[in-house]
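>
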Amino acid sequence: MVQPDIQSILEQYPQPKRENLIPILQAVQERCGYLSQESMIQIGNRLKLPVSKVYGVATFYNQFRFQPKGKVHCQVCRGTACHVKGSAKVLEALKQTLKIEPGQTSRDGMFSLEVVACIGACGLAPVVAINGEFHAGVTPDSIRKIIKSYAKKGGDNGGSE
Amino acid sequence: MAAANNRPSVAEPRADAVRLGPQDVHHLLGAAAPGHVGLESTLALLRRDRVTRPTIYVGAGTCGLGAGAGKTLAAVRTYLADRKVDADVVEVGCIGLCSAEPLLDIQLPDRPRVSFKAVTADPVPILLDAVLAGSVPAEHVFGQFRTDGLPAWPGVPYLDEHPFFAPQTRWVLANCGLIDPTSIDEYIARGGYRALARVLREQTPAELCDAVEASGLRGRGGGGFPTGRKWKFALNTGAAQKYVICNADEGDPGAFMDRAVIEGDPHRLVEGLAIAAYGIGASKAYVYIRAEYPLAIERLIQALDQAKRYGLLGSDILGSGFSLEVLIKQGAGAFVCGEETALIHSIEGRRGMPRPRPPFPAVQGLFGKPTVINNVETLANLPLLATNGPQWFSAVGTPTSRGTKVFALSGKIARTGLVEVAMGTKLRDIVFAIGGGIPNGKAYKAVQIGGPSGGCIPTQHLDVEIDYESLKSVGAMMGSGGLVVMDEDTCMVDVAKFFMDFIQRESCGKCIPCREGTKRMLEILQRITRSRRMEKGADALLRFKGVMYMERLADVIRDTSLCGLGQTAPNPVLSTLRWFRDEYEAHIFERRCPAHVCTELLHYRIDTEECTGCTMCARHCPADAIVGAAKTPHYIVAEKCIGCGSCVQACRLGAVIAE
């Protein structure tokens, strides 16, 4: 099964160089939202690498995901500053509200939850980024309200999807 | 992906915007051709000493956007369009005071630039109305810039006298938040790229390495290895192909200075990178930057593009015969890639696992060629160092640590943000003078410095003068410069657990002490913060065993791990254990958490005076441990309670008390 959109990315890298592996994985994820099994097989073929190696690299890095993103993608920052300011409780509240674990996508494809090491906005801790939009100084209560507002809008709030 | 979405579409540059021509650039950078008449006034306009029409600056770094600068920016543009005001809008980087974001500055043609804090979209029209009419409203005002020859705003304090800025020595951050990061002309007008031109014209690579070594500049990424010496290793190998890598994979949770520098002043990094490449004789440079910093990547790509167009990158730079190609590699999110050899593997398209050293990367690195890896802040120091010389540079700081250091202040502190101070500044000054102390009348407990590999500094060592050595002597390390302040409500065992959890997840798995040891260490910490109620079978026994072996395990991990990540992995535990042993003992012997953070060790009860019987807590309790009829006070059945703390969060009256 050849997905045309991946093919166009692969064509940008005519030489099978190993150093192109991570940029290709990033470009594919950027386009598709995640890395499917088929896309990794195609990448392996193009770079003349065993798929196991491709998968090995992909699973090593936190950036890559193997499930489609939800329409509303929540990234909870778990950096030190956010932790000290109570991000654990925010994460807990999100898990309860969305009924999913970090790394998962809800069954209706609406919400996905991700824990990130540090977004680099420590001055505004705790931070949750939803579809790339930063929400600063969140509390368990405020994050529930924010999620509700996204659920109402149906996820089409300037998101990347 | 992320921050870019917060931003409204970027406006097209105005047709009459002030620009430099290629001739002017060559003139300024010392080539022979004369610049056009009136160059000085063009430069003054680019430096924004004066403006010809009202200019509005909005701090639109990632942190500003997070605080709502995108909406502020849109409101400013709408206002100007609606009222048909002829004004410039400039998106600047972060000036460093994150807690006052969004920041908005206004500069009128005959008045100094004045800065306003916490300007969300709502107050924009009122604020602009007032300032354009010639008065500064007292609300939101933050301070004015000191400008010679212009009548100062009456009653507005000077920014350089503000307690946040006054004690700082801003070298690396000098332009951040002041200049337009998307304009190479503004950077050149403020003296940019002169250092590169001078180095290329006047110094041989060996002389440059000597100068950098003499200045005492040390790696700002954490290790603190003398930069000049590292360069010499690579210079002396004599290989035909060498590489420079800029490490912008800022993985330390709690540090964001690299992001701020790239977002606010990207050309400083580009210039530093070119100087470093010349110093070791590299013709190719990589910038390894976190994919989580989309705005920084965008700014960097733009800066590289501009520099290439001016002939400051590419082949035969400024006619010197020196060529440099710069490539951007996006990191894919692995903390261990901060380690040099792991970073190299990552660029090569492999799993980011370190390898034993020697051979050091300076001898055998990327693709087997000599490679120098420098941190963003190290490189950003080079233009100033090359301009002013090693003597000037080494005049600031302590005998072993020269120059300045940027710290990212965050956590329980009044003013969060980026601060740059001379080495040797007292920690107390950073926390209390610059940071404004602990908010809400709480007591200081510790500062966590250096990220997961660093340590905590307690009250009795607040007067430590910060440099590489003094921090080591109190069991911490410089790291990349994250300073997370903790108050009395922070549990140090919980902090140690947090870091072990982080390190355990980020351990690459190559060597056993780190892979297994950190996991065991985390388990020990989890056991001592777990309630008796949750223990089954031999759990209690394992808990005691863990307590007995904790310190020995820490020593084994430290002594036998392969790379820096593993060798410093036990630091959070060792340092908290060293200064806050009493907290560990309270958790272990008394089974309580003095800071009331470890929820499982808390005991809950309901204040019958306060409780109105709204049944909220009973409905939220997952263990059905709360009983009571509606509209009468409720009770918690201690035997059933699992200590999750849901009732505390559910109660609107604060009637549930945790002890």
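First to last, the sequence lines map onto chains X and A.
Per this note's numbering, the very first residue in the first sequence carries number 1; after that it's consecutive.
Per this note's numbering, the very first residue in the second sequence carries number 1001; after that it's consecutive.
From the three backbone atoms N, C-alpha and C, an ideal C-beta is built for every residue, glycine too.
(1) Name the chain A residues that come within less than 7 Å of X/Gly56, Cβ to Cβ?
(2) Compute the Euclidean distance between the alpha carbons of X/Gln29 and X/Ile100, then round it to the nearest angstrom.
(3) Which residues in chain X have a C-beta closer than 7 Å to the C-beta of A/Arg1259? List them in chain order.
(4) Could you check whether A/Val1085 and A/Pro1054 sit closer than 8 Å to each other, using their CB atoms as the reference points?
(5) Could you tell me how far apart the beta carbons of A/Gly1221 and A/Ser1480 are, in whole angstroms, since I believe they sit closer than 8 Å?
(6) Along the alpha helix (DSSP H) that carries A/Glu1551, what are the first and last residues, could you check?
(7) Mind listing which residues of the stretch 1065 to 1090 of chain A have their C-beta closer than 9 Å to chain X's C-betas, in chain order?
(8) Within 10 angstroms of its Cβ, does A/Asp1105 collect 16 or more other Cβ (buried), or is it exposed?
(9) Alpha carbon to alpha carbon, how far is X/Pro23 from A/Arg1532?
(10) Give the straight-line distance between the Cα atoms of X/Ala27 and X/Leu10, rounded to the nearest whole angstrom.
(11) Can you check which of these residues, A/Ile1179, A/Ser1215 and A/Gly1155, is closest to A/Thr1400 by C-alpha distance?
(12) Considering Cα atoms alone, identify which of A/Pro1594, A/Pro1458, A/Arg1552 and A/Ile1466 is closest to A/Arg1578.
(13) With a threshold of 8 Å, are at least 3 pairs of Cβ atoms found where one atom belongs to the stretch 1401 to 1410 of chain A and the other to the stretch 1156 to 1166 of chain A?
(14) Would you report the Cα separation of A/Gly1546 and A/Ile1289, rounded to the nearest angstrom?
(15) Going along the chain, which unbroken runs of the beta strand (DSSP E) with 3 or more residues stay wholly within the stretch 1324 to 1352 of chain A?
(16) Flag A/Tyr1293 as yes if its beta-carbon sits less than 8 Å from any beta-carbon of chain X, otherwise no.
(17) Given a threshold of 16 other Cβ atoms within 10 Å of its Cβ, counted over all protein chains shown, does A/Arg1170 qualify as buried or as exposed?
(18) So, does the CB of A/Asn1005 fall closer than 8 Å to a CB anywhere in chain X?
(19) Looking at the C-beta of X/Pro16, does it have a partner C-beta in chain A at a distance below 8 Å?
(20) Which word fits A/Gly1061, buried or exposed, when buried means at least 16 other C-beta atoms lie within 10 angstroms of its C-beta?
(21) Excluding the 5 residues preceding and the 5 following A/Ala1586 in the sequence, name in chain order all residues of the same chain whose CB lies nearer than 8 Å to its CB.
(22) Let me confirm a value: A/Leu1379 is counted as buried when at least 16 other C-beta atoms fall within 10 Å, else exposed. Which label applies?
(23) Please classify X/Ala129: does DSSP put it in a helix, a strand, or coil?
(24) With a threshold of 16 other CB atoms inside 10 Å of the CB of A/Trp1392, please say whether the residue is buried or exposed.
(25) How would you label A/Pro1572, buried or exposed, when you count the other beta carbons within 10 angstroms and need 16 or more for buried?
(26) How about X/Val84 and X/Ile143: are their beta carbons less than 8 Å apart?
(27) Just checking: is the beta-carbon of A/Ala1248 within a distance shorter than 8 Å of some beta-carbon in chain X?
(28) Can you name the residues of chain A whose CB is closer than 7 Å to the CB of X/Gly79?
(29) Hey, out of X/Arg65, X/Tyr150 and X/Pro50, whose CA is closest to X/Tyr114's CA?
(30) So what does DSSP say about A/Ile1503, is it helix, strand or coil?
(31) Taking CB distances under 8 Å as the criterion, tell me whether X/Asn62 reaches chain A.
(32) Should A/Ala1239 and A/Ala1362 be called a contact, given that it needs their Cβ atoms to be closer than 8 Å?
(33) Measure the C-alpha to C-alpha separation of A/Asn1291 and X/Arg31 and round it to an integer number of angstroms.
(34) Looking at C-alpha atoms only, which residue of X/Cys74, X/Gln37 and X/Val72 is the closest neighbour of X/Gly56?
(35) Give a yes or no on contact between the stretch 1461 to 1481 of chain A and the stretch 1518 to 1538 of chain A, applying the rule of three or more CB pairs nearer than 8 Å.
(36) To the nearest angstrom, how far is the alpha carbon of A/Gly1134 from that of A/Gly1264?
This is what the structure gives:
(1) Within the first sequence, residue 56 of chain X is the residue found at index 56, counting from 1. Residues of chain A passing the Cβ test: Arg1351.
(2) Here residue 29 of chain X refers to the residue found at position 29 of the first sequence. Here residue 100 of chain X refers to the residue found at position 100 of the first sequence. Between X/Gln29 and X/Ile100, the C-alpha separation is close to 22 Å.
(3) Position 259 of the second sequence, counted from the start, is the residue given in the question as residue 1259 of chain A. Against chain X, a Cβ distance below 7 Å from A/Arg1259 picks out Gly120.
(4) Taking the second sequence and counting its residues from 1, the one referred to as residue 1054 of chain A is at position 54. Taking the second sequence and counting its residues from 1, the one referred to as residue 1085 of chain A is at position 85. Taking 8 Å as the Cβ cut-off, A/Pro1054 and A/Val1085 qualify as a contacting pair.
(5) Walking along the second sequence from the start, residue 1221 of chain A turns up at place 221. Walking along the second sequence from the start, residue 1480 of chain A turns up at place 480. Right, the Cβ-Cβ distance comes to about 6 Å (below 8 Å), so this counts as a contact.
(6) In the second sequence, the residue the question calls residue 1551 of chain A occupies position 551. Segment Asp1539 to Thr1560, the alpha helix (DSSP H) holding A/Glu1551.
(7) Of all residues in the stretch 1065 to 1090 of chain A, Leu1065, Gly1066, Ala1067, Gly1068 and Gly1070 have a Cβ within less than 9 Å of some Cβ in chain X.
(8) If you number the second sequence from 1, residue 1105 of chain A lands on position 105. Here A/Asp1105 is buried. Its C-beta has 16 or more other C-beta atoms within 10 Å.
(9) In the first sequence, residue 23 of chain X corresponds to position 23, counting from 1. In the second sequence, residue 1532 of chain A corresponds to position 532, counting from 1. When rounded, the separation of the alpha-carbon atoms in X/Pro23 and A/Arg1532 is 49 Å.
(10) Your numbering for residue 27 of chain X matches position 27 in the first sequence. Your numbering for residue 10 of chain X matches position 10 in the first sequence. Between the alpha carbons of X/Ala27 and X/Leu10 lies a gap of roughly 9 Å.
(11) Sequence index remark: in the second sequence, residue 1400 of chain A carries index 400 (1-based). With distances taken between CA atoms, A/Thr1400 lies nearest to A/Ser1215 out of A/Ile1179, A/Ser1215 and A/Gly1155.
(12) Position 578 of the second sequence holds residue 1578 of chain A. Nearest to A/Arg1578 by alpha-carbon distance, out of A/Pro1594, A/Pro1458, A/Arg1552 and A/Ile1466, is A/Pro1458.
(13) Result no; under three Cβ-Cβ pairs closer than 8 Å.
(14) Stepping through the second sequence from its first residue, residue 1546 of chain A is reached at position 546. Stepping through the second sequence from its first residue, residue 1289 of chain A is reached at position 289. Answer to the nearest angstrom: the Cα atoms are 39 Å apart.
(15) The qualifying runs are 1325 to 1331.
(16) Along the second sequence, read from residue 1 onward, the residue named residue 1293 of chain A stands at position 293. For A/Tyr1293, a Cβ of chain X is located within less than 8 Å of the residue's own Cβ.
(17) For the purposes of this step, residue 1170 of chain A is identified with residue 170 of the second sequence, where counting begins at 1. Buried, by the Cβ-count rule.
(18) In the second sequence, the residue the question calls residue 1005 of chain A occupies position 5. Since pLDDT at A/Asn1005 reaches only 45, below the 50 mark, its modelled position is unreliable, and the value read off the structure follows with that caveat. It does: the Cβ of A/Asn1005 has a partner Cβ on chain X nearer than 8 Å.
(19) In the first sequence, the residue the question calls residue 16 of chain X occupies position 16. X/Pro16 is outside the set of residues whose beta carbon lies under 8 Å from a beta carbon in chain A.
(20) As a first step, residue 1061 of chain A must be located in the second sequence, where it is residue number 61. When all chains shown are included, A/Gly1061 counts as buried.
(21) Translated into the one-based positions of the second sequence, residue 1586 of chain A becomes position 586. By the criterion of a C-beta distance shorter than 8 Å, A/Ala1586 is surrounded in its chain by Arg1592, Cys1593 and Pro1594, once the five residues flanking it on both sides are discounted.
(22) Counting from one through the second sequence, the residue named residue 1379 of chain A turns up at place 379. Buried, since its Cβ has 16 or more Cβ neighbours within 10 Å.
(23) What you label residue 129 of chain X is simply residue 129 of the first sequence in a count that begins at 1. Strand at X/Ala129.
(24) Here residue 1392 of chain A is taken as the residue at index 392 of the second sequence, counted from 1. Around the C-beta of A/Trp1392, fewer than 16 other C-beta atoms lie within 10 Å, and the residue is accordingly described as exposed.
(25) Within the second sequence, residue 1572 of chain A is the residue found at index 572, counting from 1. By the neighbour-count definition (other C-beta atoms within 10 Å, threshold 16), A/Pro1572 is a buried residue.
(26) Here residue 84 of chain X is taken as the residue at index 84 of the first sequence, counted from 1. Here residue 143 of chain X is taken as the residue at index 143 of the first sequence, counted from 1. Against a cut-off of 8 Å, the Cβ pair of X/Ile143 and X/Val84 comes out as no contact.
(27) Taking the second sequence and counting its residues from 1, the one referred to as residue 1248 of chain A is at position 248. Look at A/Ala1248: its C-beta is not under 8 Å from any C-beta on chain X.
(28) For this step, residue 79 of chain X is matched to residue 79 along the first sequence. Residues of chain A passing the Cβ test: Pro1253 and Gly1254.
(29) By one-based count along the first sequence, residue 114 of chain X stands at place 114. Position check: residue 114 of chain X holds Glu in this sequence, whereas Tyr was assumed. Among X/Arg65, X/Tyr150 and X/Pro50, the Cα nearest to that of X/Glu114 belongs to X/Arg65.
(30) In the second sequence, the residue the question calls residue 1503 of chain A occupies position 503. Residue state, collapsed to three classes: helix.
(31) The sequence position of residue 62 of chain X within the first sequence is 62, counting from 1. For X/Asn62, the answer is yes, since a Cβ of chain A falls inside 8 Å of its Cβ.
(32) To locate residue 1239 of chain A, count along the second sequence from 1; it is residue 239. To locate residue 1362 of chain A, count along the second sequence from 1; it is residue 362. In this structure, A/Ala1362 does not lie closer than 8 Å to A/Ala1239 by Cβ.
(33) Mapped onto the second sequence, residue 1291 of chain A falls at position 291. Mapped onto the first sequence, residue 31 of chain X falls at position 31. It should be pointed out that residue 1291 of chain A corresponds to Ala in this sequence rather than to Asn. Distance between the alpha carbons of A/Ala1291 and X/Arg31 is about 15 Å.
(34) Along the first sequence, one-based indexing puts residue 56 of chain X at 56. Nearest C-alpha to X/Gly56: X/Gln37.
(35) Segment contact: the stretch 1461 to 1481 of chain A against the stretch 1518 to 1538 of chain A, fewer than three CB-CB distances shorter than 8 Å; contact not assigned.
(36) If you number the second sequence from 1, residue 1134 of chain A lands on position 134. If you number the second sequence from 1, residue 1264 of chain A lands on position 264. Approximately 29 Å between the Cα atoms of the pair.
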